[in-house]
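Protein chains: 2
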Amino acid sequence: MTLGWEDIRADVLRRIRSREWPPGGLIPGEETLAVEFGVARATVNRALTALAEAGVIERKKRAGTRVAELPVRRARLEIPVIRLDVLGRGLAYDFKLLADRMAPAPVPVTARLGLPEATPMRYLETLHLAGGRPFVHEVRWLNPAALPTPTPDFATTSANEWLVTHVSLVSGDIAFLAEAASPREAEVLGVAPGAALLIAERTTHGTLGPITFVRLAHAPGHRVAMTF
Amino acid sequence: MTLGWEDIRADVLRRIRSREWPPGGLIPGEETLAVEFGVARATVNRALTALAEAGVIERKKRAGTRVAELPVRRARLEIPVIRLDVLGRGLAYDFKLLADRMAPAPVPVTARLGLPEATPMRYLETLHLAGGRPFVHEVRWLNPAALPTPTPDFATTSANEWLVTHVSLVSGDIAFLAEAASPREAEVLGVAPGAALLIAERTTHGTLGPITFVRLAHAPGHRVAMTF
DNA sequence: ACAGGCATTATGTCTAGACATATTAGCCAA
DNA sequence: TTGGCTAATATGTCTAGACATAATGCCTGT
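Protein chains in written order, with the working numbering: chain A, 1 to 228; chain B, 1 to 228.
Here it is, written out as C-alpha cells:
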C-alpha cells in the first residue's frame, strides 16, 4: 500500500478541514511530511502544489506553507462556443449575420480595449438561433490591426470560432450583468422591451494588441452554470 | 542557458498557435520532445501537464497527445465573500438579518439539494449593505442535519463566512441568470418592481450531505467579473 | 468475419539526489 | 534606531532511471 500524491493531497486537506492545521497556521515542511508519509519530497511537493493552485494553502519560499485564512472558493467557467452550447442542448444551431461593416468604435468599447477614441473597427452583429428561436444576440467589435490576414467571410464561419482557432488569445476578462432589454434587443430576440436579460461582456487581448469586445444578450431564462 | 518547464510550455504553445501542430493533430511524444529540447522527460511532462490543465491539449495513455480541436477558454471566478467584496470597493459593510427560522423547504430547493420534499430547513434572509445602501439580497436554506453543532448566532457572524471556515465544503455549483425583481426584492433592495436583477444561485454539498442553497439578488448595475 | 486475448507503447507517477531562488531573521555598522 | 548585508532555510525545479497503467491494435482461434 504505497501512497500517491493524490492520497497525500487528500490527507493534508483532511487535516486542514479538521482544524488540526488551523487557518493562517503553518503546516510542516515538505521534508518533514515526506518522512511522515514515507514518500519522496517530490511527491509531497506535487500534492502541495495542487492544493496551492486550488487556493487552499499559500506557499512562500523560506517562509513555508500556511493554510489560507479564508479559503477562496474558485469556480471554473468553460466559456462555451455558442454553436456547441446549442447543439449540447439538443437543438439545431443556426445564426444570422445582421451587420458587418467598418465603423468608429464608441467610447465604452475603445476605453475597455485601451484604444484611441473612435478607432475604426469592424462591427459585427449576429443573432444566434437555437431550434429556430432566438438564443443570443451578439454585438462584436473587432480590431483589424490585431488580426492575421486574410480574415474569412464571417457569414459562413462564426467570428468566435475563427478567433479561438486562429488567433493567439493571451488574456481577457468576462463580466456578467443584468440589464433591461433595449428596443433593439427586444426586437431581435422577440421579447418585451424592458425584459430582464443576462448580459455577458468580454474583452480579449492577444500578442498583437487588443482584439475584440463582445456583448452577448441572452434570451430570457438563460443560465450560465459553473461548478467547483 | 538551460530550459525550464515554462520555456517548454511556451514553445509548445507557440508551435500550436502557429499551426505547426494543427488542431486535432498528434504532437511528438514526451521522450522525443525531451531529446529535442535537451531536458529530462519529467520536465517535458510538467510542461504538457500544465497545457492539458489549461485545455490546450488532450492527453491519453498509449494514444499520445493531441492538440485540442476547439481550445476551450476557461475563466476562473473567485467567489467573493460579500463583506470583503464590499470593503474592496472602499465602502462600509453592514448587514441586516431579516429572517431566521425553521421552515419546510420549497420544492425547487429540495430538488436541487437532493433532499426529500418539504424537509425542515433553516431559512435565513439577509440584506447586505454597502455604504449604507442595499447591495445584495440573500435568501439561504441551510440543512441542519449536515452542520456541526453548535451553530453560531448568524445575527453577528454571516452564515457564509462561518460556513467557509467551519464546514468541509466538497463541491457545488453556481449559476448566473437575470430576472425581473419580485415585489419582495424590489421592496428590500429599494428598486422598481420588474427591474432587471443579476441573480446568482449556489448549491453546496459537503461530506455530511447537501449543505445549503443560496440565492443572491444583486442591486442593479452589479457586475460579476472574471479573468482568463 | 469476428471475438477475445495479449503485446506494445505513451503517458502517469515515483524515487533520490542535486542545485536554484526567494525570503526571512539576525547581525553589524552608521 | 535604522539601514543594509549575510547566512540560513523552505520551496521550486531539474535529472536519470524505474515501474504502473491504460489504450491500441495486432494476432489468433473459432
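For glycine and all other residues, C-beta sits at the position ideal for the given N, C-alpha and C. If you're wondering where the values come from, they're calculated on a predicted model, not measured in any experiment.
Residue-chain proximity (residue i, chain B), Cβ-Cβ < 7 Å
i        : result
A:ILE82  : no
A:PHE176 : yes
A:ARG66  : no
A:LEU26  : no
A:ILE79  : yes
A:ALA103 : no
A:ALA217 : no
A:THR227 : yes
Extent of the continuous alpha helix (DSSP H) to which residue i belongs
i        : result
B:ALA159 : 159-166
B:THR32  : 30-37
Reduced DSSP category for residue i - H, G, I as helix; E, B as strand; rest coil
i        : result
A:THR151 : coil
B:TRP141 : strand
B:ALA103 : strand
B:GLY90  : coil
B:VAL12  : helix
B:GLU78  : strand
B:ARG62  : coil
B:ALA186 : helix
B:ALA42  : helix
B:LEU26  : strand
A:THR227 : strand
B:VAL67  : strand
B:ARG19  : coil
A:PRO193 : coil
B:VAL136 : strand
A:PRO108 : helix
Check whether residue i and residue j have beta carbons under 7 Å apart
i        : j        : result
B:GLU69  : B:GLY24  : yes
B:ILE211 : B:VAL136 : no
A:ALA159 : A:LEU124 : yes
A:VAL188 : A:ARG202 : no
B:ALA130 : B:VAL86  : yes
A:ALA199 : B:MET226 : Reading off the sequence shown, one finds Ile at residue 199 of chain A, where the question assumed Ala. No, Cβ-Cβ distance for A:ILE199 and B:MET226 is not below 7 Å.
A:ALA105 : A:TRP141 : yes
A:ALA196 : B:ALA196 : yes
B:ARG66  : B:GLU58  : yes
B:ILE16  : B:PHE37  : no
A:PRO144 : A:ARG112 : no
A:GLY206 : A:ALA155 : no
B:VAL72  : A:GLU30  : no
A:LEU3   : A:VAL39  : yes
B:PHE176 : A:PHE95  : no
B:ARG46  : B:TRP5   : yes
B:ARG76  : A:ARG14  : no
B:THR151 : B:GLY172 : no
Paired residues, beta bridge with residue i - DSSP
i        : result
B:LYS96  : B:LEU127
A:SER171 : A:HIS205
A:ALA178 : A:LEU198
A:ARG73  : B:ILE79
A:PRO236 : For residue 236 of chain A there is no data in the structure shown, the boundaries of chain A being 1 and 228.
First through last residue of the beta strand (DSSP E) which encompasses residue i
i        : result
B:PRO210 : 209-218
B:THR204 : 196-206
Residue i at chain A interface by Cβ criterion, 7 Å
i        : result
B:ARG15  : no
B:ASP85  : no
B:GLY172 : yes
B:GLU179 : yes
B:VAL72  : yes
B:ALA75  : yes
B:ALA196 : yes
B:GLY223 : Per the sequence presented here, residue 223 of chain B reads as Arg, with Gly not at that position. With 7 Å as the cut-off, B:ARG223 counts as an interface residue toward chain A.
Any non-hydrogen atom of the ligand COA within 6 Å of residue i CB
i       : result
A:LEU48 : With respect to small molecules bound, the structure shown includes none, and the ligand COA cannot be examined in it.
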